[in-house]
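Participant:
Residue numbers (UniProt numbering): 1 to 388.
1) From the DSSP output, read off the bridge partner residues of residue 179.
2) Counting along the chain, where does the alpha helix (DSSP H) carrying residue 271 start and finish?
3) In three-state DSSP terms, what is residue 93?
4) For the beta strand (DSSP E) holding residue 52, just list the boundary residues, first then last.
5) Is the separation between the beta-carbon of residue 28 and that of residue 119 shorter than 9 Å?
6) CB-CB under 6 Å to residue 357, same chain, minus the five flanking residues each way: which ones, in chain order?
7) Going by the beta-carbon positions, is the gap between residue 186 and residue 298 smaller than 9 Å?
8) For the candidate residues 160, 79, 146 and 56, whose alpha-carbon lies nearest to that of residue 315?
9) Round the Cβ separation of residue 68 and residue 44 to the nearest angstrom and send it over; I've been treating them as touching at under 8 Å.
10) Should residue 108 go down as buried or exposed, given a rule of 16 or more other Cβ atoms within 10 Å for buried?
11) Write down every uninterrupted run of the beta strand (DSSP E) in the segment 230–261 whose length is 3 residues or greater and which is fully enclosed by it, in chain order.
12) Have a look at the DSSP bridge pairing and note the partners of residue 34.
13) Just to confirm before moving on: does the CB-CB distance between residue 78 and residue 333 stay below 9 Å?
14) Looking at C-alpha atoms only, which residue of 23, 345 and 351 is the closest neighbour of residue 80?
15) Where DSSP assigns a beta bridge to residue 192, which residues make up the other side?
16) Please classify residue 207: does DSSP put it in a helix, a strand, or coil?
17) Please report how far the alpha carbon of residue 248 lies from the alpha carbon of residue 175, in whole angstroms.
18) Which class does residue 41 belong to by DSSP, given the choice of helix, strand or coil?
19) Using a threshold of 9 Å, state whether the C-beta atoms of residue 289 and residue 207 are closer than that.
20) Is the beta carbon of residue 136 less than 9 Å from the beta carbon of residue 214?
21) By alpha-carbon positions, which one of 131, 88 and 378 ends up nearest to residue 41?
22) Who pairs with residue 73 in a beta bridge, going by DSSP?
23) By the DSSP assignment, the alpha helix (DSSP H) with residue 372 in it spans what residues?
24) Can the beta-carbon of residue 144 be found closer than 9 Å to that of residue 111?
25) So what does residue 297 bridge to, in DSSP terms?
26) Rounded to whole angstroms, what is the Cα-Cα separation between residue 348 and residue 115?
27) Which whole runs of the beta strand (DSSP E) in the segment 305–352 are 3 residues long or more, in chain order?
28) Should residue 264 be labelled buried (16 or more other beta-carbon atoms within 10 Å of its own) or exposed?
29) If I follow the unbroken beta strand (DSSP E) through residue 100, where does it start and stop?
30) In terms of residue numbering, what span does the beta strand (DSSP E) encompassing residue 164 cover?
31) Count the other CB atoms within 10 Å of the CB of residue 123; is the residue buried (16 or more) or exposed (fewer)?
32) Beta-carbon separation of residue 129 and residue 33 under 9 Å?
33) Report, in whole angstroms, the separation of the C-beta atoms of residue 184 and residue 259, which I expect to be a contact under 8 Å.
34) Which two residues bound the contiguous alpha helix (DSSP H) that contains residue 154?
35) Smallest Cα separation from residue 331: which of 188, 309, 278 and 275?
36) Please return the same chain residues whose Cβ sits closer than 7 Å to the Cβ of residue 156, not counting the five positions on each side in sequence.
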């Protein structure tokens with residue numbers, strides 16, 4: 001039988017794997033699978049056929065029946081390139097009451113606690129099952145969770161309450177915005193800039209679409225938010241362009257321009273409304289381009305889609321977390337998580353995990369020892385509850 005590691009030891013093992021989203025997570029998955037097997041827990045993995053160097057992992061302990069509590073985390077982390085770290089990002093270092101390391105906060109700290117709880121549950125007389133779900137590619141658009149959720153239901157009894165352990169300071173976060181984004185490629189026609197009227201400048205054609213986003217943001221900000229939207233900061237749907245590239249020289253009309261148009265949608269508003277509005281704006285600009293040169297065009301490719309997490313008053317997951325934490329306040333966030341994807345698949349879902357989201361993705365990322373211990377206490381109380 002494998003030694004039962006402490007949560008801190010498990011976190012140290014997980015952080016040591018540099019699972020940046022662009023790279024493989026298989027060594028980490030191998031380690032977790034082997035560790036669980038050493039305690040008699042059979043884990044299942046789903047390998048992405050388009051990225052065979054990445055896999056999700058899920059497992060079940062307790063009665064082989066539906067209704068499990070699912071502890072959900074992601075295995076990928078953001079890059080450390082160019083960040084001024086004071087210690088090795090992939091080694092957990094404790095100092096000043098904090099655990100430093102890439103992913104300690106977002107979210108290998110929670111992953112470690114969840115793995116610890118699953119193993120401890122293996123040795124408890126659980127009356128209700130517990131499941132672990134570890135995804136990949138959360139940091140690049142939450143693309144790894146949906147196929148994992150499908151595969152979980154093919155191999156395990158379906159759980160009912162999902163706790164997604166994104167850093168929330170151990171508060172019950174019951175709602176978040178949805179999000180989706182399009183890679184927008186504007187293809188123009190090159191001519192010398194002195195006769196620019198005979199060509200199509202892709203950069204200048206992209207500008208009205210970016211300005212379209214500015215106008216929508218101004219309109220949304222000025223409108224009176226719904227009661228549901230008013231819970232969020234900001235209380236409106238946002239349109240954002242954070243990346244743009246294009247052009248070859250200052251005196252040539254740009255042949256190409258690419259930018260990312262992202263939407264963060266408040267619950268209660270339909271993705272289709274914003275998709276259709278953007279598509280209409282794209283078609284109008286494209287028609288103007290093609291009036292000059294018929295080969296000009298705009299190509300759209302959806303890069304991610306994250307459904308919102310809609311608050312579930314009296315929902316099973318929310319009520320469970322509130323009972324375990326004593327937190328009865330209302331908390332929502334404007335970023336997206338895999339909780340909305342579980343909810344879309346028919347699970348009750350809530351966000352609750354140790355650490356402060358302000359530390360996520362930062363150089364010298366950390367989770368305080370106090371928050372990590374609060375997460376440990378939460379897992380111990382959960383095990384007690386599942387044993388009743």
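Idealized CB from N, CA, C, for every residue including glycine.
Facilitator: Taking the geometry as given:
1) 264 and 306
2) 271–292
3) strand
4) 51–61
5) The answer is no: Cβ separation not under 9 Å.
6) Taken in chain order, the residues that qualify are 167.
7) yes
8) 160
9) About 14 Å; that fails the 8 Å criterion.
10) By the 10 Å Cβ count, residue 108 comes out buried.
11) Counting only runs that start and end inside the segment 230–261, the beta strand (DSSP E) elements of at least 3 residues fall at 238–246.
12) Residue 34 pairs with nothing; no bridge assigned.
13) no
14) 23
15) 252
16) helix
17) 44 Å
18) coil
19) no
20) no
21) Residue 131 holds the alpha-carbon nearest to the alpha-carbon of residue 41 among 131, 88 and 378.
22) 134
23) Start and end: 369–386.
24) Cβ distance not < 9 Å, so residue 144 and residue 111 don't count as in contact.
25) The partner list for residue 297 (beta bridge, DSSP) reads 187.
26) 21 Å
27) Whole beta strand (DSSP E) segments, 3+ residues: 331–333 and 348–351.
28) buried
29) 98–100
30) 161–164
31) Residue 123 is classed as exposed because its beta carbon has fewer than 16 other beta carbons within 10 Å across all chains shown.
32) no
33) 5 Å
34) 145–155
35) 309
36) 58, 60 and 131
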